[in-house]
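To keep things clear, I will list the structure first and then write my remarks on it.
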Amino acid sequence: MTTLDNWRKSSYSGEGDGNSCVEIATSPSRVGVRDSKTPARAFLTFPPEAFAPFLEALQTQPPRS
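This is how it looks when you write it as structure tokens:
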């Protein structure tokens, strides 16, 4: 199992403490994504070649209210 310990917040994390976004971490074999408001909870991991299509799919979704 790959350890992801280099979590960083998006540059679009928002005002104030910047806890309204996601964090990502990378390793040679995985990319991890987690909620910045609850970093101790579960996170998603992807092989690097699947991460770009994941982001593209998110960008084509209409915003949720």
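Per our numbering, the sequence shown runs over residues -1 to 63.
Virtual Cβ for every residue (Gly too), placed ideally from N, Cα, C.
All figures in this text were calculated on a predicted structure; none of them were measured in a lab.
query                                                                                                        : result
Give the range of the beta strand (DSSP E) segment to which LEU56 is assigned.                               : Per DSSP, LEU56 belongs to no beta strand (DSSP E); it is in the alpha helix (DSSP H), 46 to 57.
Please name the residue, chosen from ALA50, THR58 and GLN59, that lies closest to ARG28 on a Cα-to-Cα basis. : ALA50
Could you tell me which residues DSSP pairs with ASP33 in its beta bridges?                                  : VAL20
From ARG6, GLN59 and VAL31, pick the residue whose C-alpha is nearest to that of ALA40; which is it?         : VAL31
Give me the DSSP bridge partner(s) of THR43.                                                                 : GLY30
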